[in-house]
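Q: Handing you a structure now.
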Amino acid sequence: DIDTILQKGEAKTEEMKQKLESLGESSLRNFTVDAPTDSVYQFEGEDYREKQKILGIGNWIEPPKRERKANYAVDAYFREALRVSEPKAPKAPRPPKQPIVQDFQFFPPRLFELLDQEIYYFRQTVGYKVPKNPELGSDAARIQKE
């Protein structure tokens, strides 16, 4: 039973091999396997190409526009609105980056003095003046000089 099926398969394979060898190069370019020549759009005798043209994108339902979810954080709003902020004192301008100096590296003490001098020189060239401390009151200038 199986042997006969295998023999038929081998015979069919030999037949196809002979057929392909007999074909010339020009006919191999137009080679097609023995298959029905029906269109891809035809199924069970119905031509779906026409149906596709009729339907098209006409039945497309567009989704609604996305809207942002409203954020009602009332507590945060009132916390910001009721907070009375004091005017902040201007910060000193940032000096150029200096090397990171750690205690355990045992640098000579003169290096710390030189780094401080560099910062002071930068502030002098920028024209930075230390603001008076408002907490000291009217005699702030006198205390600051001390």
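Numbering-wise (full-length UniProt numbering), the sequence shown opens with residue 1 and increments by one. Here a beta-carbon is modelled for each residue, glycine too, at the ideal position from N, C-alpha and C. The structure displayed is predicted, hence computed values, not measured ones.
1. Quick one: what's got a C-beta closer than 7 Å to F107's C-beta in the same chain, skipping five residues either side?
2. Taking the alpha carbon of F122 as the point to measure from, which residue in E44, I143, P96 and Q18 has its own alpha carbon closest?
3. Using DSSP with H/G/I as helix, E/B as strand and the rest coil, what is residue 196?
4. Can you tell me which of the three DSSP states E62 falls into?
5. Enumerate, from N- to C-terminal direction, the unbroken beta strand (DSSP E) stretches of 3 or more residues contained entirely within the UniProt domain "ISWI HAND" (73 to 137).
6. Kindly indicate which residue of K129, I143 and Y128 has the alpha-carbon position closest to the one of E135.
7. Leaving out five residues before and five after L114 in sequence, what residues of the same chain have Cβ atoms less than 6 Å from its Cβ?
8. Can you tell which of G9, E46, I119 and F78 has the C-alpha that lies nearest to the C-alpha of Q98?
A: Reading from the atomic positions:
1. V101
2. P96
3. The chain is shown only over 1 to 146; residue 196 falls outside these bounds and no answer can be derived.
4. coil
5. none
6. I143
7. none
8. I119
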